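First up is the structure itself, then whatever we jot down about it.
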Amino acid sequence: MIIEKLALHTANAVSLMPFYAEMLGLPVVSSEQGRFTVQAGWSELTFLELEQPPNEKHYYHFAFTIPENKLAEAKRWIEELVPIGTEAGQDISYSESWDSHSVYFEDPAGNILELIARHTMNNATDDSFDPKQHILCISEIGVPTGKVPSAVDQLAALGLMTYKTRNESFNPVGDDNGLMMVVETGRRWHFTDKTAECFPVRVTVQGVGELYLSENEHGLLIQNID
């Protein structure tokens with residue numbers, strides 16, 4: 001599953017752009033009042049300003065794929081810029097079933113970012129880690145919902161199938177290139193103290209189109225807006 005574009009809400013786009021454009025070094029595609037877009041490999045990441053109640057700060061979890069042999073270098077780079085997440089005294093996550101290593105950190109808006117090196121992918125490089133070249137794509141977006149099985153069924157109807165094993169509370173959909181992490185609302189995100197909450201998101205998937213994902217009393221609502 002190729003995530004071509006991802007659009008997220010933020011309370012203040014102006015204050016967030018320097019983090020992505022200057023600290024992370026992602027090229028700016030466009031910038032205008034209330035929104036900006038940066039290039040992350042083959043994916044575009046957009047933040048849209050939206051007035052939010054003080055008790056409803058929107059935050060998301062998403063991941064950037066990096067070359068499978070560059071996790072150590074990427075970790076050294078990012079921990080010079082921001083604190084990285086820890087869990088049980090560890091600051092690197094390893095998934096045996098996915099054969100991947102990850103580090104986690106947050107942006108100034110509280111979004112949970114992940115750099116993931118997937119060892120199943122043939123993307124190793126001998127070059128020194130450079131975020132402009134080696135942030136290869138957006139490969140995950142968290143999709144919290146109160147009704148995981150229903151959400152997974154809706155995505156399957158669009159041709160987006162379960163990755164690995166179907167689960168009632170945690171059910172990734174897609175493949176190594178890109179995943180929607182369909183998780184039960186209230187589940188704690190790894191390497192943080194934050195729980196998964198439902199906030200609207202737009203994601204453009206190659207071959208499927210632009211999807212607007214939101215939550216209502218019936219669970220996940222998926223609108224194809226192409």
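Just so we're aligned, residue 1 is where the sequence shown starts under the UniProt record's numbering, counting upward by one. Where a beta carbon is used, it is the ideal one built from N, C-alpha and C, also for glycine. The structure displayed is predicted, hence computed values, not measured ones.
Asked	Found
According to the neighbour-count rule (16 or more other Cβ atoms, all chains shown, within 10 Å of its Cβ), is Asn111 buried or exposed?	buried
Closest by CA to His190, which one among Glu217, Ile92 and Gln39?	Ile92
For Lys57, which option in Glu210, Pro200 and Gly146 has the closest C-alpha, if you only look at C-alpha atoms?	Pro200
Between the stretch 61-72 and the stretch 124-140, do at least 3 Cβ pairs fall closer than 8 angstroms?	yes
Using the Cβ count rule (16 or more neighbours within 10 Å means buried), how would you classify Tyr60?	buried
Do the CB positions of Gln154 and Ile222 come within less than 8 angstroms of each other?	yes
DSSP beta-bridge partners for His61?	Ile112
Leaving out five residues before and five after Gly159 in sequence, what residues of the same chain have Cβ atoms less than 8 angstroms from its Cβ?	Gly207 and Val208
Taking all protein chains shown into account, do 16 or more other C-beta atoms lie within 10 angstroms of the C-beta of Ser97, making it buried, or fewer, making it exposed?	exposed
Could you check where the alpha helix (DSSP H) with Pro149 kicks off and where it finishes?	Val148 to Ala157
What residues are listed by DSSP as bridge partners for Val169?	Reading the sequence as shown, one finds Ser at residue 169 and not Val. DSSP, once it has assigned bridges, lists no residue as partnering Ser169.
Who are the Cβ neighbours of Asn12 in its own chain at under 7 angstroms, not counting the five residues just before and after it?	Glu49
Pull up the distance between the alpha-carbon of Ala157 and that of Ala151, whole angstroms please.	10 angstroms
Contact check, Cys198 vs Trp42 under 8 angstroms by CB: the rounded distance?	Actually they do not touch by this definition, with Cβ atoms about 27 angstroms apart.
Pro149 to Ser128, Cα distance in whole Å?	42 angstroms
What residue from Glu168, Lys132, Gln133 and Met161 has the CA that sits closest to Thr145's CA?	Glu168
I think Phe62 touches Glu140, with their Cβ atoms under 8 angstroms apart; what is that distance to the nearest whole Å?	6 angstroms
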